[in-house]
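Residue numbers (my numbering): 11 to 275.
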């Protein structure tokens, strides 16, 4: 059933300033709830679990593969999000997404999910079989944004992603001396991201249909699910159409680039 397109809402100046300073912005009602319901039906089927029988929820997390069916493609391409991509990554500097990638579905469980460490999402060198050897560099090669798409209501007990506000600035300063080659995730994580440990922690909570748009260097982490209903969230990258640059003519810098430049001043 087609949904009625909501008029595009521009991010306010305050939201853009927050993105540069804190590394993320929360957009409520970024895509319609009916798409979250349709998408969740598909995801439930693929978990092999019964949504009405918690006894079938036997693992703390189930990772589901690439999802490009209509509800997911439509969720990624609302006018609101396209406008926000233009505002944060730069007009004509990003590639539209026709899928939402993988879904780590988190279930209520006393077990450690085994993937709750602090990290950034590295963006190139992904042909290496060891993901700890994947890389990031100071111009964020191959990634314009990290995005969190909530396909279920997520409260404080529902395994919301943990965000260290402002951590993207620390990571930019760490990456800068490594130049174009950048650093591996193993190198970045060598001290457990201790340089960001004192920063404020924010939880990515919200109603289904909420999207968090995050700077690609933002330090974040999963956590165990202590609630009652499984959490469905996608975390795809927004890919750049042109490389990010810290040396543009006419100072035409996107907020993603502005944040990196701010960190290096």
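For every residue, glycine included, the Cβ atom is placed at its ideal position computed from N, Cα and C.
Continuous alpha helix (DSSP H) stretch holding residue 157: start and end: Where residue 157 is concerned, there is no enclosing alpha helix (DSSP H), although the beta strand (DSSP E) it sits in stretches over 155-160.
Provide the residue span of the beta strand (DSSP E) that contains residue 114, from first to last. 113-116
CB residue 185 to CB residue 229, shorter than 9 Å? no
Other residues of its chain near residue 172: CB distance less than 7 Å, five sequence neighbours each side excluded: 211, 213, 230, 231 and 233
On a CA-only basis, which of 86, 237, 103 and 97 is nearest residue 164? Give me that one, please. 237
Leaving aside the five residues before and after residue 268 along the sequence, list all residues of the same chain whose C-beta is less than 7 Å from its C-beta, in chain order. 30
Just confirm the distance between the C-beta atoms of residue 40 and residue 221, as a whole number of angstroms; I'd bet it's less than 8 Å. 4 Å
If you check the beta carbons only, do residue 180 and residue 85 fall under 9 Å apart? no
Say whether the stretch 187-196 touches the stretch 43-61, bearing in mind that this needs 3 or more beta-carbon pairs closer than 8 Å, one atom from each stretch. no
Considering only C-alpha positions, which residue in the set 158, 141 and 70 is nearest to residue 111? 158
To which residues of the same chain is residue 53 closer than 8 Å at the C-beta, ignoring the five residues directly before and after it? 74, 77, 113, 115, 161 and 242
Check whether the stretch 58-72 touches the stretch 118-133, counting contact only when three or more Cβ pairs, one atom from each stretch, lie closer than 8 Å. yes
Residue 250 - partner residues in DSSP beta bridges: 104
Among residues of its own chain, excluding the 5 on either side of residue 118, which ones have a beta-carbon nearer than 8 Å to its beta-carbon? 64, 67, 235, 236, 237, 238, 239 and 240
With distance defined between alpha-carbon atoms, name the residue in 195, 251 and 169 nearest to residue 104. 251
So which of 154, 60 and 133 has the shortest CA-CA distance to residue 279? The first residue shown for the chain is 11 and the last is 275, placing residue 279 beyond what the model contains.
Whole angstroms is fine: what's the gap from residue 219's alpha carbon to residue 89's? 14 Å
First and last residue of the uninterrupted alpha helix (DSSP H) at residue 73: Counting along the chain, residue 73 falls outside any alpha helix (DSSP H), though it belongs to the beta strand (DSSP E) covering 71-74.
Taking just the CA atoms, how far does residue 201 sit from residue 208? 14 Å
So for residue 189, helix, strand or coil by DSSP? helix
Cα-Cα separation between residue 19 and residue 143, rounded to whole angstroms: 39 Å
Out of 196, 26 and 256, which one is the CA nearest neighbour of residue 127? 196
Neighbour-count burial assignment, residue 176, 16 or more Cβ in a 10 Å radius: buried
Whose C-beta lies closer than 7 Å to the C-beta of residue 98 among residues of the same chain, with five residues either side of it excluded? 29, 155, 223, 264, 265 and 266
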